[in-house]
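For the sequence shown, the positions run 9 to 179 when the numbering used here is used. Using N, Cα and C, we set each Cβ at its ideal position, and we do this for glycine too. Right, one structure below, let's go through it.
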Amino acid sequence: MAVIVVIMTMLAMGVRGLLPLSKSKQAHTDIIQIQQALEAYKSAFGEYPRRVLVDGGSPPMEEILFNALSGRMAPNGALGNFPLLLDRSVLEFSTNAFPIAGESPPQWKANTILDPWGTPFLYRYDPDDSNWENYNYVLFSAGPDAKYADVTAEGQPNASHADNVDNIYAE
């Protein structure tokens, strides 16, 4: 009987240890899905989603990412009815607010794409900033602890910061 208890304990510990690994793999898979949508967006519009003003304010980049890839926003910030580039069946979102096809006038949606830990994927792309030296975007998950130090002014991951040790970055 004692042997069975030991084996069951080892199995339970092993399964618990696999859960974070599976979430990490899911984050990588989600990032690839988002990257494919970003490339489709760039193919359609000639550039990646960037910081814009909406109704006189600057929404979080994570909402900009969602609205761009869900067919709501052009790179200049114009709202419209563009193709949906996100696969709603494989990604998680912070709300059920999705654009309605043909919605007139198009409405901004306060929604984000969530990582497996329930935190929005973080997206940075600011080629208009004179300090930004990166020709690409930075897309990442803050990981299991949901902590992160933002990218550098030059547009590079802040890899040396302690809050970024478990972050998962797009390659």
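{"Asked": "Which residues DSSP lists as bridging R132, in chain order", "Found": "V146"}
{"Asked": "Among G79, T160, T127 and G85, the one whose alpha carbon lies nearest that of E100", "Found": "T127"}
{"Asked": "Boundaries (first-last residue) of the alpha helix (DSSP H) holding M81", "Found": "That residue, M81, is in no alpha helix (DSSP H); it is neither H nor E in DSSP."}
{"Asked": "Proximity of A48 and L93 at Cβ, strictly below 7 Å", "Found": "yes"}
{"Asked": "C-alpha distance - P114 paired with A178, whole-angstrom precision", "Found": "30 Å"}
{"Asked": "Cβ neighbours of R58 in the same chain (closer than 8 Å, five flanking residues each side left out)", "Found": "I72, P83, Y133, D134, P135 and D136"}
{"Asked": "S112 versus A118, L130, T103 and L87, residue with shortest Cα-Cα distance", "Found": "L87"}
{"Asked": "Closest residue to A60 among K50, M69, A52 and S168 (Cα-Cα distance)", "Found": "Reading off the sequence shown, one finds Val at residue 60, where the question assumed Ala. Answer by Cα proximity: M69."}
{"Asked": "Beta-carbon spacing of P124, Q43 below 7 Å", "Found": "no"}
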